[in-house]
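K.L.:
Below you'll find the structure I mean.
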Amino acid sequence: MIDSILLVDDEDLFHLVFEDACSLLDMTLSLQALDSSDEADKLFKKWFVEGPIDERPECVFVDLNIIGSSFDGIELIRKINTDYGNGVVIGIISSSDDNQEIDKAKGVGAQFWIIKSDEIEPRLEDFVKDYEGYKNKENPFKVYK
Amino acid sequence: MITSKDTVEEALRKAKAKKVYLEGNFVKILSKTLPADVKEYVEECKARDKNARRKRLDVTKQVQAQNKELEEAATINKALVIELQNEKDEAEKLRDEAVEDLDLMQKRTQFELIGLIVKVALIVIVMVGITTTILYTTALMMEKDTTLLGNAWSNLFGILLTNSFSIIGTIMGVKYATKDD
């Protein structure tokens, strides 16, 4: 089970879908959902300045296009990995499967790419199986289609 | 895991007695070493919670799908409205052009008619002038009495000149009245 998860996605309905899917799969006991990358950026900045605290999530799922935010998911991943000390399992969860975007995400240190669809549970189930590998930085980048 | 018997077991027994079922992740952190009856109750809570989650997930997915459909429909509607607006603008432009063409055609017809009237009038004036002049010249050459003819000739020329100016005045007036703006 993942200790804590942070989801950054502008679609509120997907927050509910993700929360229920995580609960059904027993993925985590602690899930926080944000709808803007700016909010997530502020939190990570705070955690970076104040040092590693309990609130910092263990795993972060970021949407690719976050409407209403100053920057997209790939930029958020870059900031977390380069500006805020890394230390989390992080990747993209998006309906897009654009290879260029996938390569960009890989380039900034995303560890996985999960494609959103009606049936998200099987992909999350596969992700959970691979999770320890991501945590130990042993698993290579993977796209869950 | 919560294991304190004084708190959890008692709370769960009360909840069980009142048919209150616990929900959410709290159920997952309850100890598995609880007494059998409480454990059974917790398992029931878990099953109910899972069932409720599954139902909510299905409903949320349906709503999500419907939202997507609505968004797509809204996008199509927006595009159609823009297209209709463009077509309306185009139709209005064509109508204006047609009205303008019709107006121009009417004016052209009027001008052509005026031109014809002027030509006929000028021909009549010139012909009458020529005829009178020939009569007057013939009378002079034949040394006939030209008093009456001379007066008639000068009167006729005066009248024709006046009529010519009247025609020109009428033409100018029509042109002014049919002018744009």
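Protein chains in written order, with the working numbering: chain A, 1 to 145; chain B, 146 to 326.
C-beta: ideal position from N, C-alpha, C; glycine also.
Remember, predicted model here, so these are calculated numbers, not experimental data.
Any Cβ of chain A within less than 8 Å of the Cβ of B:Ala192?
P.N.:
no
K.L.:
What is the C-beta distance between A:Ile80 and A:Asp72, in whole angstroms, given that I count them as a contact (C-beta under 8 Å)?
P.N.:
Going by Cβ atoms, the distance from A:Ile80 to A:Asp72 rounds to 13 Å, so no, they are not a contact pair.
K.L.:
Return the CA-CA distance between B:Leu247 and B:Ile259, expressed in angstroms with no decimal places.
P.N.:
18 Å
K.L.:
Could you round the C-beta distance between B:Ile227 and B:Val263 to whole angstroms and report it? I think they count as a contact, below 8 Å.
P.N.:
Rounded, the Cβ-Cβ distance is 53 Å, inconsistent with contact.
K.L.:
Whole angstroms are fine: how far does the CA of B:Asn231 sit from the CA of A:Asp26?
P.N.:
54 Å
K.L.:
For A:Pro57, count the other beta carbons within 10 Å of its own beta carbon; 16 or more makes it buried, fewer makes it exposed. Which is it?
P.N.:
Counting of Cβ neighbours within 10 angstroms places A:Pro57 among the buried residues, the total reaching 16 or more.
K.L.:
Is A:Ile115 closer than 8 Å to A:Lys145 when the C-beta atoms are compared?
P.N.:
yes
K.L.:
Secondary structure at A:Ala33, three-state DSSP: helix, strand or coil?
P.N.:
In the three-state scheme derived from DSSP, where H, G and I count as helix and E and B as strand, A:Ala33 is classed as strand.
K.L.:
Spatial neighbours of A:Lys104 within its chain, please: CB distance less than 6 Å, with the 5 preceding and 5 following residues excluded, ordered by chain position.
P.N.:
Ile74
K.L.:
Going by CA-CA distance only, name the one from A:Pro140, A:Ile5, A:Leu16 that's closest to B:Arg199.
P.N.:
A:Leu16
K.L.:
Beta-carbon within less than 7 Å of A:Phe127's beta-carbon, same chain only, minus the 5 sequence neighbours each way: which residues are those?
P.N.:
Phe112, Ile114, Tyr144
K.L.:
Mapping DSSP to helix, strand and coil, what is A:Ser4?
P.N.:
Strand.
K.L.:
Just how far apart, CA to CA, sit B:Leu215 and B:Ile221?
P.N.:
So the alpha carbons of these two residues sit roughly 10 Å apart.
K.L.:
So that I know if they touch, is there some Cβ in chain A lying closer than 8 Å to that of B:Ile227?
P.N.:
It does not: the Cβ of B:Ile227 has no partner Cβ on chain A nearer than 8 Å.
K.L.:
Using a Cβ-Cβ cut-off of 8 Å (strictly less than) and excluding sequence neighbours within five positions of A:Asp12, which residues of its own chain qualify?
P.N.:
Asp35
K.L.:
By how many angstroms is the C-alpha of B:Glu235 removed from the C-alpha of A:Ile120?
P.N.:
The straight-line gap from Cα to Cα measures roughly 48 Å.
K.L.:
A:Val17 versus chain B: which residues are under 8 Å apart at the beta carbon?
P.N.:
Chain B residues near A:Val17: Leu202, Thr205, Lys206, Gln209.
K.L.:
Taking only the alpha-carbon atoms, compute the straight-line gap between A:Ile102 and B:Cys190 and give it to the nearest angstrom.
P.N.:
41 Å
K.L.:
Quick one: does A:Ser23 have its CB under 8 Å from some CB of chain B?
P.N.:
yes
K.L.:
Closest to B:Thr254 by CA distance: which of B:Leu280, B:Lys206, B:Ala297, B:Lys320 is it?
P.N.:
B:Lys320
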